[in-house]
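Counting in the numbering used here, the sequence shown runs from 616 upward without gaps.
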Amino acid sequence: WLHDNQLGWLWTSSNTYPHLYQANSGSWLYYDKTSKSPRRFYRYSTKAWEEISGG
Numbered sequence: 616w617l618h619d620n621q622l623g624w625l626w627t628s629s630n631t632y633p634h635l636y637q638a639n640s641g642s643w644l645y646y647d648k649t650s651k652s653p654r655r656f657y658r659y660s661t662k663a664w665e666e667i668s669g670g
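Here it is in structure tokens:
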């Protein structure tokens, strides 16, 4: 588990990264590792990309 100021608690592992489970929404995200600022995440539940500033 890890905590992100914008996304809250996230779960991942060496087998699932760059996929992350977001605890507060109960949804899975895909982290675009090439993104830095803003960071880009694909949210599977909405089928949309999100841009998150900061970390």
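Each residue gets a CB set at the ideal place from its N, CA and C atoms; glycine is no exception.
Rounded to whole angstroms, Thr649 and Leu622 show a C-alpha spacing of 18 Å. Nearest in C-alpha terms to Lys651, of all of Gly641, Tyr632, Ser629 and Ser668, is Ser668. If you draw a straight line from the Cα of Trp624 to the Cα of Leu635, it comes to about 10 Å. Boundaries of the beta strand (DSSP E) harbouring Gln637: His634 to Gln637, taken from the DSSP string.
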